[in-house]
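So the structure is just underneath, and the comments pick up after that.
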Amino acid sequence: MFKMLQSLLLSAALGAQLLVPGATPAPNLAPAKEPAVLKLDEKTAQEDAALHRLDGIGKLKAQAAGVQKPKTRPHPKNNTPNRLIATFNGDPETTRGFNWFTSDLAPAKLWVSESKDMKNARSFEAIAQPVVSHYVERDEKGFFLFQLVDKKTNQVLRYFTDEGKEPGVWDQSQEIEDRKTQSVSIDVEKVQEISYKATARGLKPGTTYYYQVRSDKGEKSSVGRFKTAKGAGAPFSFLHYTDTQNAFWNQHLMDEAAYGADTLARALKMHPDADFVVHTGDVVEIAEVEDEWVDLFEKSKASFQQTTLAMTAGNHDEYGINYADRFPHKYTDHVNVPAMGPDDGGTYYSYDYNGVHFVVLNTNDNKNNEGKALGKAQLEWLKKDVQAARKNGAQWVILNYHKPLFSKSYHSLQDKDVQKVRDEFMKLIDELDIDLALQGHDHVLSRTKSLAYVPQSVSPFNAKVADEYVMRGGRETLVNPEGTTFVLPNTGGTKAYDDIYRKGLDHVKKVRPALSWLTKDLLGEYENLFAFGEQPQKSPRFETSHANLRDSKVQNFAKYTVKNGTLLTELYQVEGDLKGERSVRLVDSFSIVKEPKPEVLQIQGTDRYETSVEVSKRFYPTADTVLLATGEVSADSLAAASLSALLKAPILLSKNDQMPTKVLAEIQRLGAKKLLVLGGERRIAQAALDQLPKNLVVERIAGETRYETAAKIAHRVLQENGSKTILVVNGSGAHDADALSAALLVHQEAAPILYAQGATLGRSTEAFLKAHALEKAVLLGGERALSLKTQQQLEALKLNTQRLGADNRYLTALAVAKAYAPLPKEVIVVAADALTDGTVASGILNHHPMPIILSDKHHTIPEVNEFLKAKTLERIYLLGGERTIQRIR
Ligand SMILES: [Fe+2]
Ligand SMILES: [Fe+2]
């Protein structure tokens, strides 16, 4: 066994390579070539440091002079597989990725078995990658060796360690006597190691597997286990924790790795059935420092080896000790995941687990010209990936990414790379109908309400509350929500950020001056986006700082359960001293429920004429009588509702001087014997009727004006059905929509529509009412549509009046629906801004009476959206050009 240990002190920069005495270089092993360290420009590095790296520590660039350096302990070799984890790489039903390390290069294998004793194990070859790891120098007792450095001369003034120091009281920066001239540095030992990747394939779905790995140079690993996914629809749960961080300089103080390990161990103990664990990044504090990876992975070993880890890269997972250094390959050295984009301090990938589509994003995508946390290529990939998943039938889509769009501490509003992409990322999240976004980075508990996108001009946060909660089983529940919920389970480590906004604007400005652009109103608006959140540690440091001293003994994790159309989120809290009592309790929960959605049937031709044909085709196998109205104004076709109901006749539309071919063909298909033409020559000229079959009886019902035509239609209807009720609607073009909403009333009350002029009844309508013995008038629309005077005129004619209406056309339509069909099985939705397409909708009511609901183009009327969530609803008929109705629910 070769005992090569490359101990490359930083004097290596001067060209001196020092070998440990007795070590022999491996003859067949070329030294690993270390990828070049990515250097950020000084300005970017300083900006980033100010945001993310408040603990001042650097890497020594010069040798000590005149100060005796304590003896250091060389990094020991270890050829027993370590830093071993199972990850998702490929289909979780049949495939699993593995990643581990040893000191020496040798052929290595993975074994996978269905039994614990590894009987009948199948083996898979591993791929070995030599890497150069940087270990912080330690004194002989194993404490990290810090140096107090003169900034000007780069000379070491003295060495010190953290031996005997008190957690939460001491940090290495306190050794600085003069901040202007001194700083703290460390030195690293560069050690060649091997990173292995292996992939198990051809596994059985829904099976617990056991695994071991080994290289030819060392012992076998302990036996780990994982579960394969069962397949779409099978219930499952998974755990989520984040930001274990594990700053090396804290290792002997508040042992972050031990707290992180304990948090996960307790989560898994409480929820042994959880299928896998999501980590949303900042696995370590400084990626360059290998001690942190070793420490975290080894302290978490028992937990890591009983599950699959779905890791996400955090900004710290690429950090070098020096602010400007980036080690983008460190994350993928430790994690075996698919690399969809460049190895860029993380990668993005996705996987499907029992019908849930998980997308892992890389928010370190900021080192190119765009400077965005997520670049263009990644966002385009995200869009295609989610669209493909939806096509494949994914019922839920869950995003995992590190840097939050919404959280209760400062990062989400301050990180520049996040602000640069906020608008387009949130817009895409909305467009892709993402259910849940699991975040990290801000070390605070946060759960938003259900949020939808709005542009910057509406809100600098690009979000509004999209759905209200209902209480089910004592828990806040979203039913078929339109928006997305963003969750951040604080931290699994010991570094906590305060929930600064709750303390008011002055406090925010004090602890994060860069957020001074917030106003009191904006602060309130931002806080209103959250349903739950706080920093559970109450450190006195939070009075003057947003961050604690990495001394929190409160950690959090989340559990998500997907079962029978419900996604339950539970946030748990672990608290107490590792050396004393630690307890776990549930602190928050909420559900998202997806109930069966109604079928959406779009009825649409290339224009309004064809749309009238499509309606007729769908609902009328035959018809003795057909109504023909102009497609150029909507008053006549809307007034035709009562005649359509009386004669069970479809309404078709024609141009003024020419009947569209398809309309003519439809009249023939229906086998119609009679055609009632609504309106005079000005509406539909004789020329348009010339092509009609000669045996068709054609009759006109026409007045000089729309008011008169409506009155003539009403006269015909009342003669036939003897009704004593009429409906009154404002007949000016601006209020046509109310006539459409009236269609259900026409059916239920057997009442025809009359048009008023709005401010008054109008001469012809008043004359009609005087000539007929009626009892009741229902006014459709609020007082802006039909004045009080109009109502009084009706009352003066000895009519009982009733008003159904509200401030606008949308609410008036809802008022009719709620009064006459509060729990409908079917509804018709017409886009009010493309009303002409929907004027023939009343013809559908002969098939089955149902309300006609008006919506706007983008479905922004909350009352309408709420009505369309009625549980009873089985079918929505969508008339006209709107294609986004599915998004309502
Ligand atoms: Fe973090
Ligand atoms: Fe972070």
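Numbering of the sequence shown is given in this note's numbering, commencing with residue 151 and proceeding in unit increments. Even for Gly, the Cβ is constructed at its ideal location relative to N, Cα and C.
Below 8 angstroms on the Cβ atoms is my contact criterion, and I expect residue i with residue j to pass it. Report the Cβ-Cβ distance as a whole number of Å.
i, j, result
"Ile-336", "Glu-287", "7 angstroms"
"Val-629", "Glu-745", "6 angstroms"
"Leu-1029", "Ile-801", "At roughly 12 angstroms, the Cβ-Cβ gap does not stay under 8 angstroms, so Leu-1029 and Ile-801 are not in contact."
"Phe-376", "Thr-457", "7 angstroms"
"Val-776", "Leu-842", "Not a contact, Cβ separation roughly 10 angstroms."
"Leu-778", "Ser-804", "5 angstroms"
"Leu-890", "Val-980", "6 angstroms"
"Lys-558", "Ser-596", "5 angstroms"
"Leu-582", "Gly-633", "Not confirmed; about 12 angstroms, so no contact."
"Lys-599", "Val-620", "Contact flag wrong, Cβ pair sits at about 13 angstroms."
"Glu-343", "Ser-253", "6 angstroms"
"Ala-539", "His-507", "4 angstroms"
"Gln-242", "Tyr-503", "One detail in the question is off: residue 242 reads as Pro in this sequence, not Gln. So it is a contact: roughly 5 angstroms between Cβ atoms."
"Lys-1046", "Gly-521", "Residue 1046 cannot be examined here, being either before or after the span of the chain that is shown, 151 to 1039."
"Leu-820", "Ile-851", "The Cβ separation is near 19 angstroms, so there is no contact."
"Tyr-473", "Gln-297", "Not confirmed; about 17 angstroms, so no contact."
Identify every residue that forms a DSSP beta bridge with residue i.
i, result
"Pro-280", "Ile-344"
"Glu-448", "DSSP, once it has assigned bridges, lists no residue as partnering Glu-448."
"Tyr-722", "Phe-707, Leu-736"
"Val-879", "Tyr-905, Leu-930"
"Phe-682", "Arg-597"
"His-507", "Asp-502, Val-547"
"Leu-751", "Tyr-1027"
Starting from residue i, trace the alpha helix (DSSP H) both ways and give me its first and last residue.
i, result
"Ala-452", "451 to 454"
"Pro-257", "Run containing Pro-257: none; DSSP gives neither H nor E here."
"Leu-802", "Here Leu-802 belongs to no alpha helix (DSSP H); instead the beta strand (DSSP E) covers 801 to 804."
"Gly-410", "406 to 420"
"Gln-836", "836 to 839"
"Arg-953", "Counting along the chain, Arg-953 falls outside any alpha helix (DSSP H), though it belongs to the beta strand (DSSP E) covering 950 to 954."
"Asn-1015", "1012 to 1017"
"His-202", "192 to 202"
"Ile-1119", "The requested residue 1119 does not occur in the structure, where the chain is confined to residues 151 to 1039."
"Gln-943", "938 to 946"
"Glu-858", "856 to 871"
"Arg-768", "758 to 769"
Between residue i and chain C, is the shortest Cβ-Cβ distance under 9 angstroms, so that the two count as touching?
i, result
"Asp-328", "Checking the listed chains, one finds no chain C in this structure; it contains a single protein chain."
For residue i, report the span of its beta strand (DSSP E) as first-last.
i, result
"Glu-677", "Where Glu-677 is concerned, there is no enclosing beta strand (DSSP E), although the alpha helix (DSSP H) it sits in stretches over 670 to 677."
"Met-99", "Examination of residue 99 is not possible in this model, given that the chain is present from 151 through 1039 alone."
"Val-299", "296 to 300"
"Lys-533", "Run containing Lys-533: none in the beta strand (DSSP E); it sits in the alpha helix (DSSP H), 526 to 541."
"Phe-274", "272 to 275"
"His-429", "426 to 429"
"His-390", "386 to 391"
"Ile-579", "It is not in any beta strand (DSSP E) - Ile-579 instead sits in the alpha helix (DSSP H) that spans 566 to 581."
"Thr-635", "635 to 639"
"Ala-892", "Neither: Ala-892 is in no beta strand (DSSP E) and is coded neither H nor E."
Name the residue from the options whose alpha carbon lies nearest to the alpha carbon of residue i.
i, options, result
"Asp-844", "Arg-850, Ile-863, Gln-818", "Correcting the residue identity first, residue 844 is Lys in this sequence and not Asp. Checked all of Arg-850, Ile-863, Gln-818; the closest Cα to Lys-844 is Gln-818."
"Phe-974", "Ile-1026, Glu-925, Thr-311, Glu-618", "A quick correction: the sequence has Pro, not Phe, at residue 974. Comparing Cα-Cα distances from Pro-974 to each of Ile-1026, Glu-925, Thr-311, Glu-618, the minimum goes to Ile-1026."
"Thr-772", "Leu-511, Ala-799, Lys-354, Val-783", "Ala-799"
"Lys-713", "Phe-310, Val-282, Leu-588, Pro-385", "Pro-385"
"Asp-888", "Ser-873, Ala-900, Leu-904, Ala-452", "Leu-904"
"Ala-494", "Ala-906, Asp-565, Leu-188", "Contrary to the premise, residue 494 reads as Asp rather than Ala in this sequence. Cα-wise, what sits closest to Asp-494 is Leu-188."
"Tyr-970", "Pro-1001, Ala-946, His-421, Ala-982", "Pro-1001"
"Leu-190", "Ser-283, His-1009, Gly-470", "Gly-470"
"Val-750", "Val-977, Val-299, Arg-735, Gly-292", "Val-977"
"Gly-623", "Leu-718, Leu-699, Ser-666", "Leu-718"
"Asn-232", "Met-404, Val-444, Leu-954, Asp-671", "Val-444"
Note to self: Is it the case that the region 476 to 487 contacts the region 247 to 254, given that we only count it when at least three CB pairs across the two stretches are under 8 angstroms?
What the structure shows: yes
Margin query: So, does the region 695 to 713 touch the region 637 to 651, judging by three or more C-beta pairs under 8 angstroms?
Written below: yes
Checklist line | the region 670 to 686 touching the region 569 to 588, judged by at least three CB pairs closer than 8 angstroms | finding: no
Notebook entry, point to check: When the Cβ atoms of the region 921 to 939 are set against those of the region 953 to 960, are three or more pairs found closer than 8 angstroms?
Noted result: yes
Margin query: Taking contact to mean 3 or more Cβ pairs, one atom from each stretch, closer than 8 angstroms, check whether the region 220 to 231 and the region 359 to 369 are in contact.
Written below: Look at the beta carbons and you see the region 220 to 231 touching the region 359 to 369: at least three pairs across the two are nearer than 8 angstroms.
Next item on the list: Could you say if the region 435 to 442 and the region 317 to 335 meet the contact criterion of at least three C-beta pairs nearer than 8 angstroms?
Entry: no
Margin query: With a threshold of 8 angstroms, are at least 3 pairs of Cβ atoms found where one atom belongs to the region 386 to 394 and the other to the region 408 to 421?
Written below: yes
Notebook entry, point to check: Using 8 angstroms as the threshold, is the region 989 to 1001 in touch with the region 748 to 767, meaning 3 or more CB pairs across them?
Noted result: yes
Item checked: Stretch pair the region 509 to 520 + the region 537 to 552: three plus CB contacts closer than 8 angstroms -> yes
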